[in-house]
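Worksheet: one structure, shown below.
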Amino acid sequence: MTTTTPLRLGTRGSKLALTQSQMVADELTAATGRPVELVRIVTPGDTSSAPVAQLGVGVFVSALRDALLADEIDFAVHSYKDLPTGEHPRLHIAAVPRREDPRDVLIARDGRTLADLPPGSVIGTGAVRRIAQLRALGLELQVTPIRGNIDTRMARVLGPGADLDAVILARAGVSRIGRTAEITETLDPMLMLPAPAQGALAVECRSGDNDLVELLAALDHAPTRAAVLAERALLATLEAGCAAPVAAYARLVRGRHAGSTPGDGRGEEMIHLRGAVISPDGVRTIRLSRTGTPAGAAEIGKALATDLLDAGADTLMGSTE
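Take the sequence shown: its letters are residues 1 to 321, numbered as in full-length UniProt numbering.
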């Protein structure tokens, strides 16, 4: 393949997926000079109307990975939270670009915030993690599972045929399609902890394409990769012993080390990871945190997952309605 031959970037056909993929394509061309063309791939998740929780992990990425392995595309862009936690033996995450804001947002009628919604208000969301945390708040709100792209979900609140009082979405997706003006509240992670890897993208190619692996590395953002690694290590460890909703959020912060004084700028960069496991009915929640160095991101995630399990996280899976 010559340097003038466009690289084939596989993407789902949704507005958000196309926007994310075009953003990555433009960044790669700007960084390396290589042209990129988008190749649309239809996934089982795009053609099914079943709830995402029933479809299973990886439903949005399997067709893209099949296309990669069949050499129909050169690389793919995934929403990182959609990827299974186990490594694929023949594929490689070559880059994790800078993350968008990972928090959740509320889009409600009449500009209301979560606290402003009257009892009995109906909120739509497709994520069991969000449903469990909403129930945990005890606000007497009704929650209904919904599916569809971002525009479709928002139309159920703001459109002429609106049938919901509010929806909860990932801020990253709303931002990427240019509709942040319609957000009525960005939810504090203390109330609504995000999904592991929410707001992050994964740029994946075949493991043996060494030249492409090196080329795509130009898109990698090391702080984002470390934060996501910690969150997904927590999720991978919990998956062995807990089927309850899991949330995680890692941030890079300036820590203190021996010999430093406040304000001297000598603090070491650290990862602060928060994790939570919530019973599906919202009655029980276990929230813990750990701090460590970016080099030990995976170990931080595994250790925090162990802490959560030791605190009884695996017992929450039976706490259903």
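For each residue, glycine too, the CB sits at the ideal point set by N, CA and C. Just so you know, these numbers come straight off a predicted model, no measurement behind them.
- request: Flag this pair as touching only if the stretch 69 to 79 and the stretch 174 to 182 have three or more C-beta atom pairs under 8 Å; answer yes or no.
  value: no
query: Using the rule of at least 16 other Cβ atoms within 10 Å of the residue's Cβ for burial, across every protein chain shown, is MET190 buried or exposed?
result: What you label residue 190 is simply residue 190 of the sequence shown in a count that begins at 1. Answer is exposed; the Cβ neighbour count stays below 16.
query: Relative to the C-alpha of ASP71, which residue among ARG99, MET192, GLU204, THR152 is closest?
result: As a position in the sequence shown, residue 71 is number 71, starting the count at 1. Nearest option by C-alpha distance: GLU204.
query: Can you name the residues that DSSP bridges to CYS205?
result: On the sequence shown, position 205 is the one that residue 205 refers to. Paired residue(s): PHE75, HIS92.
field: Close-in-space but distant-in-sequence residues of the same chain around GLU269 (CB under 6 Å, 5 per side omitted)
entry: Counting from one through the sequence shown, the residue named residue 269 turns up at place 269. Setting aside the 5 residues that flank it on each side, GLU269 is surrounded in the same chain by LEU252, each with a C-beta closer than 6 Å to its C-beta; the list follows chain order.
message: If you measure between the beta carbons of PRO97 and GLU37, is that distance less than 8 Å?
response: Here residue 97 refers to the residue found at position 97 of the sequence shown. Here residue 37 refers to the residue found at position 37 of the sequence shown. No; because the gap between Cβ atoms is not below 8 Å, this pair is not in contact.
query: Can you name, in chain order, every residue of its own chain whose Cβ lies under 6 Å from the Cβ of ALA31, other than the five neighbours on each side?
result: Here residue 31 corresponds to residue number 31 of the sequence shown, with the count starting at 1. Cβ neighbours of ALA31 beyond the five flanking positions: ALA218.
Stretch-stretch touch, CB-based, cutoff 8 Å, three pairs: the stretch 209 to 227 with the stretch 138 to 148: no
- prompt: Ordered along the chain, which non-local residues of its own chain (more than five positions away) have a Cβ less than 7 Å from that of ALA303?
  reply: One-based indexing of the sequence shown puts residue 303 at position 303. Excluding residues within five positions, the ones whose Cβ falls inside 7 Å are ARG290.
message: Considering Cα atoms alone, identify which of LEU137, GLY124, PRO145, VAL128 is closest to GLY158.
response: For the purposes of this step, residue 158 is taken as the residue at position 158 of the sequence shown. Residue 158 is actually Leu in this sequence, not Gly. LEU158 has its Cα closest to that of GLY124, out of LEU137, GLY124, PRO145, VAL128.
- request: Could you tell me the distance, in whole angstroms, from the CA atom of ARG254 to the CA atom of GLY267?
  value: Indexing the sequence shown from 1 puts residue 254 at position 254. Indexing the sequence shown from 1 puts residue 267 at position 267. Cα to Cα, ARG254 sits roughly 5 Å from GLY267.
From VAL167, ILE93, GLU182, residue whose alpha carbon lies closest to that of TYR80: Taking the sequence shown and counting its residues from 1, the one referred to as residue 80 is at position 80. Put simply, of VAL167, ILE93, GLU182 the residue whose alpha carbon is nearest the alpha carbon of TYR80 is ILE93.
task: Determine the contact status of ARG8 and VAL42, defining contact as a CB-CB distance below 8 Å.
output: Position 8 of the sequence shown, counted from the first residue, corresponds to residue 8. Position 42 of the sequence shown, counted from the first residue, corresponds to residue 42. Not closer than 8 Å, so no.
- prompt: What is the DSSP secondary structure of GLN142, reduced to helix, strand or coil?
  reply: As a working mapping, residue 142 is identified with position 142 in the sequence shown. Here GLN142 sits in strand by DSSP.
query: Where ASP66 and ARG135 are concerned, what is the direct C-alpha to C-alpha distance, given to the nearest angstrom?
result: In the sequence shown, counting from the first residue as 1, residue 66 sits at position 66. In the sequence shown, counting from the first residue as 1, residue 135 sits at position 135. Straight-line spacing of the CA atoms in ASP66 and ARG135 works out to 38 Å.
- prompt: Assuming THR180 contacts GLY111 under a Cβ cut-off of 8 Å, what Cβ separation, rounded to an integer in Å, is found between them?
  reply: Within the sequence shown, residue 180 is the residue found at index 180, counting from 1. Within the sequence shown, residue 111 is the residue found at index 111, counting from 1. About 14 Å separates the two Cβ atoms, so there is no contact after all.
task: Using the DSSP secondary-structure output, state which residues sit across from GLY126 in a beta bridge.
output: Locating residue 126 in the sequence shown gives position 126, where the first residue counts as 1. BP columns for GLY126 are empty, so no partner.
- prompt: Using a C-beta cutoff of 8 Å, does ASP220 count as contacting chain B?
  reply: Included in the structure is just one protein chain, with no chain B present.
query: Residue range of the alpha helix (DSSP H) that GLY301 falls in?
result: For the purposes of this step, residue 301 is taken as residue 301 along the sequence shown, with counting starting at 1. Taken as a continuous stretch (DSSP letters only), the alpha helix (DSSP H) holding GLY301 covers 297 to 310.
task: Pull up the distance between the alpha-carbon of ARG130 and that of ALA295, whole angstroms please.
output: The residue given as residue 130 occupies position 130 in the sequence shown. The residue given as residue 295 occupies position 295 in the sequence shown. Straight-line Cα distance between these residues: approximately 30 Å.
Simplified DSSP state of LYS15, which is helix, strand or coil: Reading the sequence shown from its first residue, position 15 is the one you call residue 15. Looking at LYS15 - three-state DSSP - the assignment turns out to be helix.
query: The beta strand (DSSP E) spanning VAL157 covers which residue range?
result: Translated into positions along the sequence shown, residue 157 becomes position 157. Note, VAL157: premise wrong, no beta strand (DSSP E); alpha helix (DSSP H) at 150 to 158.
query: Would the beta-carbon of ALA248 fall within 8 Å of that of LEU235?
result: Here residue 248 corresponds to residue number 248 of the sequence shown, with the count starting at 1. Here residue 235 corresponds to residue number 235 of the sequence shown, with the count starting at 1. Contact: yes.
field: Residues near LEU69 in its chain [Cβ-Cβ closer than 8 Å; skip 5 each side]
entry: Residue numbering aside, residue 69 sits at position 69 when the sequence shown is read from its first letter. Cβ within range, chain order: ARG90, LEU91, ARG206.
task: If I'm right that GLN198 touches ALA172 with Cβ under 8 Å, what's the distance once you round it to whole angstroms?
output: Reading the sequence shown from its first residue, position 198 is the one you call residue 198. Reading the sequence shown from its first residue, position 172 is the one you call residue 172. Cβ atoms of GLN198 and ALA172 come within 8 Å of each other, at about 7 Å.
message: Tell me the DSSP secondary structure of VAL283 in three-state form.
response: Position 283 of the sequence shown, counted from the start, is the residue given in the question as residue 283. Here VAL283 sits in coil by DSSP.
message: One question on the structure: do PRO35 and ASP104 come within less than 8 Å of each other, judged by their Cβ atoms?
response: For the purposes of this step, residue 35 is taken as the residue at position 35 of the sequence shown. For the purposes of this step, residue 104 is taken as the residue at position 104 of the sequence shown. For PRO35 and ASP104, no; Cβs fall outside 8 Å.
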